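Report on one structure; see the data block that follows.
Here it is as structure tokens:
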């Protein structure tokens with residue numbers, strides 16, 4: 001048996017898994033029709049398992065889906081988001097007789113080697129066979145025990161295709177995976193029993209945003225980017241009365257995957273802001289939305305178990321001979337279905353196809369998201385043999401056929417309207433928290449002192465933002481330098497600079513109105529000395545603060561706040577409480593890694609319906625600096641996970657919250 005998946009397969013073949021839940025069609029390989037392993041993307045937009053594609057390309061030089069010219073060297077790894085979704089799919093331990101555990105796919109190997117009694121017994125039996133001398137020292141196996149698991153069969157084509165019929169990607173927030181900490185379940189007896197029944201549902205959907213004024217801002221704040229530990233672009237906040245709020249389909253926590261057909265799942269923060277600020281009357285967004293935890297009922301499980309996958313071959317006498325099949329789309333499920341078989345037709349005479357059958361593929365062409373027109377085209381261009389793979393569920397009545405396109409519209413509406421609501425304004429505590437931090441990836445802060453001689457009546461000529469009364473408790477920063485003041489003439493104070501003091505008066509702890517008063521009163525003197533902090537980009541030659549802003553009220557980008565020294569951070573304590581069987585409901589990324597050094601821990605996901613979501617104060621992009629007063633800086637994932645899981649009913653998170661970039 002394979003030591004990684006616990007099942008029997010050829011060394012060069014993919015690992016085999018028994019998936020607990022139905023897997024979204026988008027996560028299925030179009031070659032093997034099983035959930036993707038080591039997914040690879042082609043330039044034409046299709047995704048396959050690494051081994052499936054590698055084997056296919058040894059014989060052919062085109063894409064299996066659209067038959068466009070293709071070489072293996074042109075393909076590349078799928079995005080981190082896709083790989084994370086796949087790694088989090090729930091699988092059953094293959095040693096069902098001895099172990100009924102469920103875990104994420106990426107955790108199966110560790111489970112087999114460290115915790116599984118069935119695999120332990122299997123290894124012991126192998127050892128006894130290799131070393132007959134030690135055999136007598138141990139008790140012989142009792143009657144009925146076996147050295148190979150009876151229930152560890154490789155999943156058949158039937159079981160893998162039954163699993164693919166879901167309309168949503170089902171992923172688990174169980175224990176942690178590399179790079180993504182998911183403190184959603186405690187490793188207790190209750191938690192383990194709960195994880196068998198509960199999974200986190202996420203869906204991708206395409207949303208069209210229409211603007212009467214092409215220059216109008218969308219009205220949402222975003223965080224993340226490939227130049228941050230978050231990796232993906234995540235919606236932090238939707239502003240009230242904005243274009244996005246009026247549309248109602250985008251919610252905080254949504255991951256933005258594409259903008260107008262451009263993949264932004266692996267671009268920098270500044271590049272994503274630029275894409276989203278691009279003017280236009282219509283904006284096409286593809287987003288990943290987490291819907292919360294769902295329980296599979298026994299009735300659903302039994303109905304899935306009743307499904308079977310059937311292979312049917314019809315042989316035409318010539319290319320023009322019709323099969324006598326009427327295909328339609330359904331209103332509530334993707335794909336195409338057999339509505340009727342014409343009496344006396346080839347399919348009716350064959351007798352193996354039935355009404356209500358769902359067509360998965362024809363002649364190897366994947367039709368799980370296909371249309372009747374696409375299926376007809378394949379059938380009509382086939383010379384002789386027409387090979388069907390169909391999914392059959394006995395007893396299901398086919399609803400009235402829908403007009404072409406209504407199915408996709410209905411799906412889009414349902415998947416986009418079930419997102420989490422817009423977060424309320426958060427409550428703020430008055431707690432300051434100091435901690436050392438060396439993380440300033442891509443940005444550095446430079447302190448400067450500017451001394452100016454001026455006329456008493458001459459103004460400074462700047463406008464400011466921020467203040468400790470701001471909901472994010474921001475320091476005072478410059479929003480504009482007007483061409484009429486002395487600071488414009490001097491040229492050293494720039495938009496985006498954080499003001500530290502004026503004539504020795506500390507500005508870092510003042511609210512907005514106190515800061516305005518201090519600046520005005522000190523501007524009346526003949527000389528002014530300002531201390532300021534300039535945040536510099538280390539990576540791009542032009543400052544990211546100069547991203548196109550016409551039509552946008554200016555504020556610093558989220559990523560520039562990460563360059564501030566810790567003494568300017570304003571931290572707050574957020575206390576979360578939960579029941580014994582609840583998850584905390586958030587995932588985090590970051591922490592110490594050998595290759596990257598110290599990175600902050602950021603909130604990446606807040607799951608609808610959980611304590612973190614109900615509390616309303618945590619936001620995606622918030623930085624966790626301490627757990628129950630213990631600083632998180634310098635910790636790895638493996639060190640922080642136990643701290644979060646040890647807190648059974650209550651945890652205090654000390655966080656820094658920076659406003660996301662406005663788009």
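In UniProt numbering, the protein residues as written are 1 to 663.
The beta-carbon is built from N, C-alpha and C at its ideal position, and this holds for glycine as well.
Quick caveat, the model's predicted, so the values are computed rather than measured.
Burial state of residue 527, where buried means 16 or more other Cβ atoms lie within 10 Å: Translated into the one-based positions of the chain shown, residue 527 becomes position 527. Its Cβ having fewer than 16 others within 10 Å, residue 527 is exposed.
Sequence-distant residues of the same chain with beta carbon closer than 6 Å to residue 218, five excluded per side: Your numbering for residue 218 matches position 218 in the chain shown. Same-chain partners within the cutoff: 243, 244 and 663.
Contact set for residue 476: own chain, Cβ-Cβ below 8 Å, skip 5 residues either direction: Your numbering for residue 476 matches position 476 in the chain shown. For residue 476, where only same-chain residues beyond five positions count, the Cβ hits under 8 Å are 464, 465, 466, 467, 498, 499, 507, 508, 510, 512 and 515.
Which of helix, strand or coil DSSP assigns to residue 350: Numbered from 1 along the chain shown, position 350 holds the residue referred to as residue 350. In the structure shown, residue 350 adopts helical secondary structure according to DSSP, grouped into three states.
Of the listed residues 96, 72 and 61, nearest to residue 20 (C-alpha basis): Residue numbering aside, residue 20 sits at position 20 when the chain shown is read from its first letter. The candidate whose alpha carbon is nearest that of residue 20 is 96.
CB contact flag (residue 113, residue 65, <8 Å): Residue 113 sits at position 113 when you count from the first residue of the chain shown. Residue 65 sits at position 65 when you count from the first residue of the chain shown. Not in contact: residue 113 and residue 65 (Cβ atoms no closer than 8 Å).
Residue 669 to residue 240 span [Cα, whole Å]: The chain is shown from 1 up to 663; residue 669 falls before or after that span and cannot be answered.
Alpha helix (DSSP H) segment containing residue 23, residue limits: What you label residue 23 is simply residue 23 of the chain shown in a count that begins at 1. Note, residue 23: premise wrong, no alpha helix (DSSP H); not H, not E.
For residue 235 and residue 323, believed in contact at Cβ under 8 Å, the rounded distance: Counting from 1 along the chain shown, the entry for residue 323 is found at position 323. Counting from 1 along the chain shown, the entry for residue 235 is found at position 235. Not confirmed; about 47 Å, so no contact.
Assigned secondary structure, residue 30 (DSSP; H/G/I helix, E/B strand, else coil): For this step, residue 30 is matched to residue 30 along the chain shown. For residue 30, the secondary structure class from DSSP, reduced to helix, strand or coil, is coil.
Minimum C-alpha distance to residue 111 - residue among 3, 598 and 577: In the chain shown, residue 111 corresponds to position 111, counting from 1. Nearest in C-alpha terms to residue 111, of all of 3, 598 and 577, is 3.
Residue 55 versus residue 35: straight-line alpha-carbon distance, rounded: Locating residue 55 in the chain shown gives position 55, where the first residue counts as 1. Locating residue 35 in the chain shown gives position 35, where the first residue counts as 1. For residue 55 and residue 35, the distance between alpha carbons rounds to 17 Å.
Counted within 10 angstroms of its Cβ, other Cβ atoms place residue 530 as buried (16 or more) or exposed: Reading the chain shown from its first residue, position 530 is the one you call residue 530. Result: buried.
Cβ pair residue 290, residue 605 closer than 8 Å: Sequence index remark: in the chain shown, residue 290 carries index 290 (1-based). Sequence index remark: in the chain shown, residue 605 carries index 605 (1-based). For residue 290 and residue 605, yes; Cβs fall inside 8 Å.
Exposed unless 16 or more other CB atoms sit within 10 angstroms - verdict on residue 567: Counted from its first residue, the chain shown places residue 567 at position 567. Residue environment analysis places residue 567 among the exposed positions, since fewer than 16 neighbouring C-beta atoms fall within 10 angstroms of its C-beta.
Residues near residue 37 by beta carbon distance below 6 Å, same chain, minus five either side: Working through the chain shown from its first residue, we reach residue 37 at position 37. The answer, listed in chain order, is 14 and 49.
Distance between beta carbons of residue 585 and residue 607, contact taken as under 8 Å: Locating residue 607 in the chain shown gives position 607, where the first residue counts as 1. Locating residue 585 in the chain shown gives position 585, where the first residue counts as 1. Confirmed, Cβ separation roughly 4 Å.
Buried/exposed call for residue 22, threshold 16 Cβ in 10 Å: Counting from 1 along the chain shown, the entry for residue 22 is found at position 22. With 16 or more other Cβ atoms within 10 Å, it is buried.
Boundaries of the beta strand (DSSP E) in which residue 311 is found, first to last residue: Here residue 311 refers to the residue found at position 311 of the chain shown. It spans 308-315 - the beta strand (DSSP E) in which residue 311 sits, taken as one unbroken run.
From 353, 67, 456 and 104, residue whose alpha carbon lies closest to that of residue 85: For this step, residue 85 is matched to residue 85 along the chain shown. Residue 85 has its Cα closest to that of 104, out of 353, 67, 456 and 104.
Three-way DSSP call (helix, strand, coil) for residue 664 in this model: With the chain covering 1 to 663 only, the question about residue 664 has no answer from this structure.
Contacts around residue 312, its chain only, beta-carbon distance under 6 Å, and the 5 residues preceding and following it disregarded: To locate residue 312, count along the chain shown from 1; it is residue 312. Closer than 6 Å at Cβ, skipping near neighbours: 352, 353 and 388.
Beta-carbon gap between residue 89 and residue 18 smaller than 8 Å: The count along the chain shown starts at 1 and reaches residue 89 at position 89. The count along the chain shown starts at 1 and reaches residue 18 at position 18. Remark: C-beta atoms of residue 89 and residue 18 do not approach each other more closely than 8 Å.
Assigned secondary structure, residue 1 (DSSP; H/G/I helix, E/B strand, else coil): Here residue 1 refers to the residue found at position 1 of the chain shown. Three-state DSSP puts residue 1 in coil, outside helix and strand.
Range covered by the alpha helix (DSSP H) that runs through residue 607: Mapped onto the chain shown, residue 607 falls at position 607. For residue 607, there is no enclosing alpha helix (DSSP H), as DSSP marks it with neither H nor E.
Between the CA atoms of residue 40 and residue 194 - distance to the nearest angstrom: For the purposes of this step, residue 194 is taken as residue 194 along the chain shown, with counting starting at 1. For the purposes of this step, residue 40 is taken as residue 40 along the chain shown, with counting starting at 1. At residue 194, the pLDDT of 37 sits below 50, so the modelled position is not reliable; the number obtained from the coordinates is stated separately. Going by the C-alpha atoms only, they are around 33 Å apart.
Integer Cβ distance of residue 364 from residue 336, believed to fall under 8 Å: Mapped onto the chain shown, residue 364 falls at position 364. Mapped onto the chain shown, residue 336 falls at position 336. At roughly 16 Å, the Cβ-Cβ gap does not stay under 8 Å, so residue 364 and residue 336 are not in contact.
Cβ-based neighbour list, residue 262, same chain, cut-off 8 Å, excluding 5 preceding and 5 following: One-based indexing of the chain shown puts residue 262 at position 262. Answer for residue 262: 275, listed in chain order.
Rounded distance between the beta-carbons of residue 285 and residue 222, thought under 8 Å: Taking the first residue of the chain shown as 1, we reach residue 222 at position 222. Taking the first residue of the chain shown as 1, we reach residue 285 at position 285. Separation of the CB atoms of residue 222 and residue 285 is rounded to 11 Å, and the pair is thereby denied contact status at 8 Å.
Beta-ladder partner(s) of residue 655, from DSSP: Reading the chain shown from its first residue, position 655 is the one you call residue 655. Per DSSP, the beta-bridge partners of residue 655 are 572 and 624.
Coil, strand or helix - residue 542 by DSSP: Counting from one through the chain shown, the residue named residue 542 turns up at place 542. Because the pLDDT of residue 542 is 42, which lies under 50, any placement of that residue in the model is unreliable, and the question is left without a value.
Distance CB(residue 576)-CB(residue 615) smaller than 8 Å: Counting from 1 along the chain shown, the entry for residue 576 is found at position 576. Counting from 1 along the chain shown, the entry for residue 615 is found at position 615. Yes, these two residues count as a Cβ contact at 8 Å.
For residue 534, the residue or residues it bridges with in DSSP: Numbered from 1 along the chain shown, position 534 holds the residue referred to as residue 534. Under DSSP, residue 534 shares a beta bridge with 446.
Closest Cα partner of residue 556 within the set 479, 1, 231 and 343: Taking the chain shown and counting its residues from 1, one reaches residue 556 at position 556. If we check each option's Cα against that of residue 556, 479 comes out closest.
Continuous alpha helix (DSSP H) assignments of at least 4 residues falling wholly in the UniProt domain "PDZ" (206-291): Runs of the alpha helix (DSSP H) lying entirely within the UniProt domain "PDZ" (206-291) and spanning at least 4 residues, in chain order: 243-247 and 269-276.
Cβ neighbour criterion (16 or more within 10 Å) applied to residue 648: Residue 648 sits at position 648 when you count from the first residue of the chain shown. Exposed: under 16 other Cβ atoms inside 10 Å.
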